[in-house]
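A.B. asks:
Residue numbers (the numbering used here): 2 to 111.
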């Protein structure tokens with residue numbers, strides 16, 4: 002009989018993939034040459050002129066790539082979530098029937 006983890010795996014897989022994809026995307030964004038360069042320049046300005054620190058503006062290319070990547074990740078997530086839910090709905094009758102059969106079996110006397 003499948004364990005609870007086995008039954009839930011198709012449902013949880015999209016969440017895990019989304020978290021991993023977003024983490025990779027945010028890492029790529031934060032280490033992009035544009036962002037690193039601007040962060041270094043901002044840090045240098047803070048040390049040279051502490052009172053004149055303006056908020057850091059994000060580079061447009063890096064930000065556009067981040068936003069497009071996030072949108073792609075969430076679209077894939079929604080598609081996979083729908084597919085996983087459909088799979089669970091297809092497996093539900095079989096899983097319930099097996100559970101009912103096992104519950105109906107007489108237990109051996111000890």
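Just so it is clear, CB atoms sit at the ideal spot from N, CA and C, and this is done for glycine as well.
Note that this is a predicted model, so its numbers are computed, not measured.
Let me know if residue 107 comes out buried or exposed under the rule of 16 or more other beta-carbons within 10 Å of its beta-carbon.
C.D. replies: Per the 10 Å Cβ criterion, exposed.
A.B. asks: Tell me whether the stretch 30-50 and the stretch 80-98 touch, counting them as touching only if at least three CB pairs, one residue from each stretch, are closer than 8 Å.
C.D. replies: No: fewer than three Cβ pairs fall under 8 Å.
A.B. asks: Quick check on the DSSP output: the alpha helix (DSSP H) that includes residue 60 runs from which residue to which?
C.D. replies: First-last for residue 60: undefined, no H or E at that position.
A.B. asks: Between the C-alpha atoms of residue 88 and residue 79, what's the straight-line distance to the nearest angstrom?
C.D. replies: Near 14 Å, if we compare the C-alpha coordinates of residue 79 and residue 88.
A.B. asks: Taking 9 Å as the cut-off, decide whether the C-beta atoms of residue 39 and residue 58 are in contact.
C.D. replies: Contact flag set, yes.
A.B. asks: Is the separation between the beta-carbon of residue 64 and that of residue 26 shorter than 9 Å?
C.D. replies: Cβ distance not < 9 Å, so residue 64 and residue 26 don't count as in contact.
A.B. asks: How would you label residue 36, buried or exposed, when you count the other beta carbons within 10 angstroms and need 16 or more for buried?
C.D. replies: Counting Cβ neighbours within 10 Å, residue 36 comes out buried, since at least 16 surround it.
A.B. asks: Can you list, in chain order, the residues of its chain with a C-beta nearer than 8 Å to that of residue 74? Leave out the 5 residues immediately preceding and following it.
C.D. replies: So the list reads 19, 22, 23 and 26, once near-sequence residues are dropped.
A.B. asks: Nearest CA to the CA of residue 34: which residue from 93, 92, 90 and 60?
C.D. replies: The shortest C-alpha separation from residue 34 is found at 60.
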